[in-house]
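Asks: Per the numbering used here: the sequence shown = residues 51 to 761.
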Amino acid sequence: MSPLAPRGRPLARIVATVLAVVMLLGVQACAPARDDRSEILWDTWGVPHIFAGTTTGAFRAFGYAQMQSHGNLLLGLYAQARGQAAALGGDEYLQSDVIVRTMGLRERGAAWYDAQSPDFRADVDAFVDGINEYGRTRRDQLDRTVASVLPVTGPDVFAHAARLTLNFLASTSSCGQLEGGSSAGAGSNGWAIGPARSASGNAMLLANPHLGWGGENMLYEAQLVDGANDVYGAAPIGLPVVTMGFTDRIAWTLTVNPIDACDLYELTANESGYRIDGAGVLFETSTARIEIRKPDGTLLSELVDIRRSGVGPVFEKDGKFYAVRSAAVGQTDTPGLLEQWYRMSHAKDLDEFRGVLDSNQLPMFNVLYADRDGHVFAAFAGQVPRRAATDVANGAIKHVDSSAGLWTTVHPFSELPQTVDPPGGFVQNSNSAPWTYTLPRVADLDPARFPSSDFPGEYVNWRERRALTLIRSEPTLSFDDLLRLKNDTRMELADSLVPDLTAAAAQSPDPDVRAAATVLRRWDRRADADSRGTVLFLAWVREVQSVDPSLDSFFRVPYDPADPAASPEGLARRPEALDALKRAAVNLNAATGRLDVPWGDVARLRRGGVDLPASGFQGDPFGVFRVLTPDLNESVTGRPSAVSFGDSFVAVVEFAQPLRAEVLVAYGNSSRPDSPHYGDQLALTAKGELRPAWRTRDVIEQHLEERTVIR
């Protein structure tokens with residue numbers, strides 16, 4: 051044996067190992083690197099369908115897509131979140147900037163950004179990268195003044211989320227009385243129909259938010275497909291996550307709940323501070339410099355005093371000091387709200403979805419849910435303060451002299467009203483209290499089980515009364531039924547009052563009153579474009595509200611919690627009601643020369659050169675389910691007015707095989723006036739139609755308008 055032989059086997063092993071390593075390296079070298087490229091397939095309605103190999107790739111493409119459809123709006127919203135909007139838009143944004151600075155929303159956005167998990171922070175950073183990439187490569191598509199906001203940052207996204215949160219909370223509380231501090235308006239309808247009430251046996255969902263048709267409340271329709279999920283839905287402009295939508299497994303929507311989580315307290319002034327607990331306390335003060343753009347383009351600076359107190363940030367109005375005590379963006383914090391929405395969209399079933407909600411990071415909203423397993427679910431989510439009995443949630447400005455009654459904590463999600471698979475086979479909400487999510491009533495939603503100091507009292511608004519009537523109109527509902535009922539414009543208020551009103555008016559000796567009664571008797575009690583009597587009824591209700599804004603005293607039968615879908619009812623105070631009808635008839639006749647003005651002559655769908663008659667109305671107190679609201683101050687005189695509030699993103703989903711979904715963005719999926727998608731869905735809106743949700747690549751390719759690759 052050769053003396054080298056014993057070394058042969060080790061050498062062979064070394065050679066073999068080296069060869070194996072070389073081969074492995076070769077395989078790795080030939081293997082594709084992790085692909086972070088994303089493809090945006092833009093369909094013929096301007097909807098971006100994002101196909102990405104990674105989560106960060108999807109977020110990056112979503113930021114880019116929002117800029118292409120809403121760039122000027124998005125950057126303007128981020129400027130507002132920084133408290134720098136007046137530098138772009140002038141004096142009308144000064145109060146907004148003062149509120150943002152006083153509430154410390156920009157600083158809160160930075161703190162929320164720092165509080166994110168590393169993975170989700172990377173996702174938000176990718177979203178911001180997409181925004182900035184569009185700004186870098188397509189700057190010519192942006193208004194020069196607004197483009198100065200670039201580059202945006204991760205903290206900007208969270209500051210924007212904080213500002214939206216504050217505005218929504220203000221819209222349902224006394225904080226809304228702070229000038230410029232409330233949302234421009236928010237409402238919604240939502241239904242989840244279980245198998246027992248579904249004609250097909252499949253669960254179904256109706257998503258129908260009602261928001262302003264401009265600014266911060268606009269919604270953006272999109273589909274995001276990455277390695278983890280395939281989500282279709284809508285997001286508020288500037289947020290990186292779908293907030294309501296559906297997958298093959300689940301569907302969910304949100305409605306604004308009557309939560310009182312933002313209080314305005316009047317302080318007792320005391321020299322350079324306020325009095326509380328029997329002692330004088332100085333304000334914490336600082337100065338903010340706010341730049342204001344003047345009509346000639348120059349910038350002027352204004353110094354604003356910022357005051358804070360132990361009760362909350364302080365605002366001065368009419369010589370008085372008011373402190374804001376807010377949940378979610380004040381006394382309590384919700385840094386995880388965006389990640390919670392993201393995780394909601396990735397849940398595979400009800401248990402997982404409820405587990406996500408358990409973190410209780412949503413500041414407010416009813417959550418309504420349906421899934422492929424046939425479950426339906428509703429929850430009164432949000433940061434509900436634990437109040438002392440002396441500090442009840444009543445939406446009024448309160449005077450505070452003692453800190454003892456100030457709330458400091460909120461209820462956990464487990465203590466909030468919620469129900470799963472109720473016997474009635476459905477859950478619904480149209481912004482009323484949670485006690486009538488379903489009928490017959492269930493023990494889970496017995497208001498006696500929840501502190502009356504913290505949760506809303508018993509009532510059902512007129513739009514929700516109409517919803518309950520519609521849902522219970524037939525033993526089962528089909529997908530097509532949901533499409534039809536979603537566009538219902540019957541006025542529940544008119545059904546309750548017009549029969550008695552016209553009967554009394556027919557006996558009147560006054561010819562104006564009798565003429566008005568004839569119009570109302572012939573009226574279909576709807577707000578369709580060709581309905582004749584809608585304007586007259588609006589004018590009469592306005593006259594009655596001048597006597598009793600709540601209308602309560604004009605009902606013969608008061609509201610009965612035991613029969614929420616059929617009360618109040620009938621007309622009381624008939625002499626005053628007839629006097630109001632006389633005034634309405636005389637005024638409308640003087641303005642238009644007629645009493646039977648077609649509603650569509652007054653309510654107009656206008657955007658991007660489109661001008662069409664609208665079918666829809668203000669939901670409350672009129673009880674119209676389909677909300678499309680023009681300026682009613684104009685409408686009551688018979689003058690044409692553009693719809694500016696109501697249906698925004700709409701979706702009807704059925705967990706058939708395959709999933710069936712139809713959708714709409716009433717005003718179009720772009721806020722750029724030069725875009726073909728600025729108002730291109732108004733024709734569908736006018737006809738009361740939705741459109742199929744295109745979700746598979748092959749179908750999307752058949753309706754492809756543009757393709758964008760993001761690297």
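The C-beta atom is built at its ideal place from N, Cα and C for all residues, glycine as well. In this text the structure is predicted, and so the values were computed from the model without any measurement.
1. Whether or not the stretch 522-536 and the stretch 700-708 are in contact is what I'm after, with contact meaning three or more pairs of Cβ atoms, one per stretch, closer than 8 Å; do they touch?
2. Assuming Asn676 and Thr539 make a contact with CB atoms under 8 Å, what is their CB distance in whole Å?
3. In whole angstroms, give me the CA-to-CA distance for Ser720 and Pro472.
4. Please tell me whether Leu627 and Phe604 are closer than 8 Å, where the distance is taken between their beta carbons.
5. If we call anything under 8 Å between Cβ atoms a contact, is Pro435 one with Ala377?
6. Check Lys367 in the structure and name its three-state DSSP category.
7. Please state the DSSP three-state secondary structure of Ala555.
8. Whose CA, out of Glu514, Phe177 and Arg132, lies closest to the CA of Ala483?
9. Output the boundary residues of the alpha helix (DSSP H) element that contains Ile100.
10. Pick out whichever of Arg404, Pro462 and Ser502 has its Cα sitting closest to the Cα of Thr469.
11. How long is the line joining the alpha carbons of Gly650 and Gly226, rounded to whole angstroms?
12. If I measure Cβ to Cβ from Arg623 and keep anything under 6 Å in the same chain, skipping five residues before and after, which residues do I get?
13. Output needed for Val306: all residues of its chain with C-beta closer than 8 Å, excluding positions within five of it in sequence on either side, in chain order.
14. Taking Cβ positions only, does Asp169 come closer than 8 Å to chain E?
15. Compare the beta carbon distance of Gly666 and Gly696 with 8 Å and say whether it is the shorter of the two.
16. Which partner residues does Lys764 have in the DSSP bridge list?
17. Please identify the residue among Ile342, Ala706, Arg654 and Pro625 whose C-alpha is closest to the C-alpha of Arg422.
18. How about the stretch 120-129 and the stretch 714-732: do they share at least three Cβ pairs that are nearer than 8 Å?
19. Pull up the DSSP beta-bridge partners for Pro742, would you.
20. How big is the Cα-Cα spacing for Trp744 and Leu527?
21. Suppose the cutoff is 6 Å on Cβ atoms and the five residues either side in sequence are ignored; what does the same chain contact list for Val354 look like?
22. Once the 5 residues before and after Ser503 are set aside, which same chain residues still bring their CB inside 6 Å of it?
23. In angstroms, rounded to a whole number, what distance separates the CA positions of Met117 and Leu412?
24. Would Val196 pass as a contact of Gly113 if the rule is Cβ separation under 8 Å?
25. Which residue or residues does DSSP assign as beta-bridge partners of Phe699?
26. What is the DSSP secondary structure of Pro435, reduced to helix, strand or coil?
27. If Leu489 and Leu518 are in contact, beta carbons under 8 Å, what's the gap, nearest whole angstrom?
28. Taking Tyr392 as the reference, which of Asp574, Gly507, Asp93 and Thr297 has the closest Cα?
29. Report the CB separation of Asp562 from Ala635 in whole angstroms; it is logged as a contact under 8 Å.
30. Around the C-beta of Leu349, are 16 or more other C-beta atoms found within 10 angstroms, so that it is buried, or is it exposed?
31. I'd like the list of long-range same chain contacts for Pro614, defined as Cβ closer than 6 Å, with 5 residues on each side in sequence excluded.
32. Return the bridge partner residues of Asn122 from the DSSP annotation.
33. Name the DSSP bridge partner or partners of Thr335?
34. With a CB to CB cut of under 6 Å and the five nearest residues on each side skipped, what residues in its chain are close to Thr758?
35. Using the C-alpha atoms, what's the distance from Glu508 back to Thr382?
36. Taking Ser725 as the reference, which of Arg657, Leu125, Leu332 and Gly738 has the closest Cα?
Replies: Taking the coordinates as given:
1. yes
2. Looking at the sequence itself, residue 676 is Arg, so the reference to Asn does not match. About 5 Å; that satisfies the 8 Å criterion.
3. 39 Å
4. The residue you asked about is not Leu; residue 627 is Ala in the sequence shown. Yes, the Cβ-Cβ distance between Ala627 and Phe604 is below 8 Å.
5. yes
6. strand
7. helix
8. Glu514
9. First-last for Ile100: Pro98 to Ala102, but that is the beta strand (DSSP E), not the alpha helix (DSSP H).
10. Arg404
11. 32 Å
12. Phe604
13. Phe218, Ser221, Thr222, Ala236, Gly237, Ser238, Met414, Phe415, Asn416 and Asn481
14. As a matter of chain content, chain E is missing from the structure shown, which is built from one protein chain.
15. yes
16. In the structure as shown, the chain starts at 51 and stops at 761, and residue 764 therefore has no counterpart that could be examined.
17. Ala706
18. yes
19. Glu712
20. 24 Å
21. Val148, Ala338 and Ile340
22. Arg437, Ala439 and Val442
23. 26 Å
24. no
25. Val715
26. strand
27. 6 Å
28. Thr297
29. 5 Å
30. exposed
31. Thr486 and Val510
32. For Asn122, which the question treats as bridged, DSSP gives no partner whatsoever.
33. Arg357
34. Ile90
35. 27 Å
36. Arg657
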